[in-house]
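Sequence order for the protein chains is X and V. With the first sequence counted from 1, adding 47 to any position gets you this note's numbering. With the second sequence counted from 1, adding 47 to any position gets you this note's numbering. Below is one structure, written out as structure tokens, with a few remarks after it.
There are 2 protein chains.
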Amino acid sequence: MPSSVQRKRVRKTPAARRAEIVAAAARVALTEGLECITLRRIAEDLDVRPGLISHYFPSAEELVAEAFGQAAGRELDALLPNERTEGSPAHYLARFFALATGAAYDDVSRLWINARHLSRYRPALRERVGVQEAAWRERFTAVIEDGVRDDGFRTDSPVLTAIHILVVLDGLGAQANSRTVDRPQAVALLAVTTAERELGLESGTLSRLADELTEADLARD
Amino acid sequence: MPSSVQRKRVRKTPAARRAEIVAAAARVALTEGLECITLRRIAEDLDVRPGLISHYFPSAEELVAEAFGQAAGRELDALLPNERTEGSPAHYLARFFALATGAAYDDVSRLWINARHLSRYRPALRERVGVQEAAWRERFTAVIEDGVRDDGFRTDSPVLTAIHILVVLDGLGAQANSRTVDRPQAVALLAVTTAERELGLESGTLSRLADELTEADLARD
DNA sequence: TTGCTTATTGGTCGAGCACTCAATAGCATC
DNA sequence: GATGCTATTGAGTGCTCGACCAATAAGCAA
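Here it is in structure tokens:
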């Protein structure tokens, strides 16, 4: 009985298989890039035939868009969780900056650059980028509004402040693929410095909070 | 005498042909993207055979890197000319921001996103990106140093200020491919506002100068 | 005019890509 | 145990890409 000549088929429910495909694609998106999401590559990861991927995603572009959405969405949830049951807004922001300053954030920066470029040619992806931009912006805006109410943040416009911080983050992240040597400390801290200034916080407030966070605080859920 | 069956050959000096190829590739890079620089595409633009491009650039990646370098370098020269025979540093900066805020700058933003992403996979391009980053940074630093000397700019570190401005520009440019609706004025002015603050200039100084520039001032040389 | 150098051509190769579709087999239901 | 639905396969199509190379002809030098 030849085992290799005849493939063993594993039959799953459409919902489960689809989720599995998107998860595999999101993993590739985050680690290797959106261009590496090919029918063959994802099929190989899941040990199925390429035709099956086409069955669930008649257009490969749709899978790329979905993969980006899932990857970016999950990262946002890990960096700035939606439910803030404990901890002040300042602590949540500090945790974000602690994570976003580390090397582990490079994958996220790369993903965003990747998506922003590729969306030039892929309308479906472009639409997803817009959705995720809005999600990140709104998540930040909400934290800032909480901080204005409870934590002494001072800003005329929470949403403009959120955008300002995100613009600086994007600008710093732009170098994730080319930066070889370390950058000056003042540059690495540009995002958190901008946040402190724009939120009317004493210089060093957030970065000091970020430094005090333990490994457990930073651990992803 | 069939005219189309037999191609007429135009024989040029290696230096001239090479320059012509790079110029065509740089044009494609700026208008359509670095991925569109293919042997066939450039050959068609120049009305030669693809093999000829391979002859001058045995590795296509080298041509892509060269095209980016030329395109980015020329744009820098157009936006912030090297020789400042007349006009104050503030005027030079104002002219830059006037140009960099307009829609015409979108092609430049797109080029940078493109290069920053693609350099993830292309070492030769990554190296060129580093060179151009340094060139842009140094050009800005020089203008700022001049302004500190002659024009009342105040900053502890011209180079850090230059980096800060460039980071904000990169962050704003990141949306060049996805932004569909206009952004708030305060966001569009983020770069010039950052420059004014970091250079110790009265708020509105540079943007007012930028508004006063005539078409002739903005015209490219 | 003749000859030589080499810029340029034309054709080819293999790899990787998305997409299509009839045939097959897993599995729930009866 | 038989049946029907459909998830999955296998095989194939056509496309674009970079790279390679022997043959050709442009134009300079003698």
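Where a beta carbon is used, it is the ideal one built from N, C-alpha and C, also for glycine. Note that the coordinates shown come from a computational prediction; the quantities given were computed from them, not determined experimentally.
CA-CA distance, residue i and residue j?
i, j, result
"phenylalanine 187/V", "phenylalanine 143/V", "10 Å"
"arginine 58/V", "glycine 98/X", "49 Å"
"valine 68/V", "isoleucine 89/V", "Note that residue 68/V is isoleucine in the sequence shown, not valine. Whole-angstrom Cα-Cα distance: 7 Å."
"serine 250/X", "glutamate 243/X", "6 Å"
"aspartate 193/V", "serine 135/V", "9 Å"
"alanine 66/X", "alanine 150/X", "29 Å"
"arginine 226/X", "phenylalanine 104/X", "36 Å"
"proline 170/V", "aspartate 198/X", "46 Å"
"leucine 110/V", "serine 254/X", "44 Å"
"arginine 96/V", "proline 61/V", "15 Å"
"glutamate 130/V", "phenylalanine 115/V", "23 Å"
"serine 204/X", "isoleucine 212/X", "13 Å"
"tyrosine 168/X", "tyrosine 168/V", "18 Å"
"valine 133/X", "glutamate 133/V", "For clarity, residue 133/X is glutamate in the given sequence; the question names valine instead. The alpha-carbon atoms of glutamate 133/X and glutamate 133/V are separated by roughly 59 Å."
To which residues of the same chain is residue i closer than 6 Å at the C-beta, ignoring the five residues directly before and after it?
i, result
"leucine 216/V", "Ala238"
"arginine 173/V", "Ser166"
"aspartate 153/V", "Ala223"
"valine 206/V", "Thr188"
"aspartate 92/V", "Ala71"
"leucine 127/X", "Phe143, Arg186"
"glutamine 117/V", "Val69, Ala73"
"arginine 10/X", "Chain X is shown only over 48 to 268; residue 10/X falls outside these bounds and no answer can be derived."
Going along the chain, which residues of its own chain have a beta-carbon closer than 8 Å to the beta-carbon of residue i, five neighbours each way excluded?
i, result
"threonine 202/X", "Ile191, Val195, Thr208, Glu245, Leu246, Gly247"
"alanine 257/V", "Ala141, Arg142, Phe144, Ala145, Thr148, Val239"
"leucine 123/X", "Gln179, Ala182, Trp183, Arg186"
"leucine 265/V", "Arg142, Ala145, Leu146"
"threonine 241/V", "His211, Ile212, Val215"
"valine 228/X", "none"
Residues in its own chain within less than 7 Å of residue i by CB, not counting five upstream and five downstream?
i, result
"cysteine 83/X", "Val75"
"methionine 48/V", "For methionine 48/V, the predicted structure reports a pLDDT of 38, less than 50, and the residue's modelled location is therefore unreliable. A value from the coordinates is still provided. None."
"arginine 163/X", "Val176"
"tyrosine 139/X", "Leu127, Arg131, Val190"
"leucine 260/V", "Ala141, Arg142, Ala145"
"serine 101/V", "Leu86"
Checking 9 Å against the spacing of the C-beta atoms, do residue i and residue j come in under that value?
i, j, result
"alanine 72/V", "glutamate 113/V", "yes"
"alanine 145/X", "threonine 252/X", "no"
"leucine 221/V", "valine 214/X", "This sequence places alanine at residue 221/V; leucine is not what is there. In contact: alanine 221/V and valine 214/X (Cβ atoms closer than 9 Å)."
"alanine 107/V", "leucine 77/V", "no"
"glycine 218/X", "arginine 157/X", "no"
"arginine 230/X", "isoleucine 210/V", "yes"
Residue i versus chain X: which residues are under 8 Å apart at the beta carbon?
i, result
"proline 97/V", "What proline 97/V touches in chain X: nothing, since even the nearest Cβ is about 22 Å away."
"arginine 173/V", "Asn224, Ser225"
Thinking just about the alpha-carbon of each residue, which of the options is nearest to the one in residue i?
i, options, result
"glycine 120/V", "Arg184/V, Ile100/V, Leu165/V, Glu108/V", "Arg184/V"
"leucine 236/V", "Ser204/V, Ala141/V, Ala181/V", "Ala141/V"
"valine 155/X", "Ala125/X, Leu260/X, Glu133/X, Glu109/X", "Ala125/X"
"lysine 55/X", "Asp94/X, Ala63/X, Thr261/X", "Asp94/X"
List the residues of chain X whose Cβ lies closer than 7 Å to the Cβ of residue i, in chain order.
i, result
"valine 176/V", "Ser225"
"serine 166/V", "Asn224, Ser225"
"arginine 56/V", "None at all; the shortest Cβ gap to chain X is about 35 Å."
"isoleucine 39/V", "Past the edges of chain V, shown from 48 to 268, lies residue 39/V, and the structure says nothing about it."
"glycine 134/V", "Neighbours of glycine 134/V on chain X: none; closest Cβ ~27 Å, over 7 Å."
"glycine 80/V", "Arg167"
Starting from the beta carbon of residue i, find every residue of chain V whose beta carbon is closer than 8 Å, and list them in chain order.
i, result
"glutamate 180/X", "Gln222, Ser225"
"histidine 102/X", "By Cβ distance, chain V contributes nothing, its closest Cβ being about 28 Å from histidine 102/X, past 8 Å."
Counting only Cβ pairs nearer than 9 Å, list the residues of chain V close to residue i.
i, result
"leucine 140/X", "The premise fails here: leucine 140/X is roughly 18 Å from chain V at the closest Cβ pair, so nothing lies under 9 Å."
"arginine 201/X", "Chain V residues near arginine 201/X: none, gap ~16 Å exceeds 9 Å."
Against residue i, what residues of chain X qualify as contacts under a CB-to-CB distance less than 9 Å, listed in chain order?
i, result
"leucine 207/V", "Pro231, Ala233, Val234"
"arginine 87/V", "Under the 9 Å cutoff, chain X gives no residues; its nearest Cβ is about 18 Å from arginine 87/V."
"arginine 157/V", "His164, Arg167"
Taking residue i as the query, report the chain V residues whose CB atoms sit under 7 Å from its CB, ordered along the chain.
i, result
"valine 215/X", "Val214, Val215, Gly218"
"leucine 237/X", "His211, Val214"
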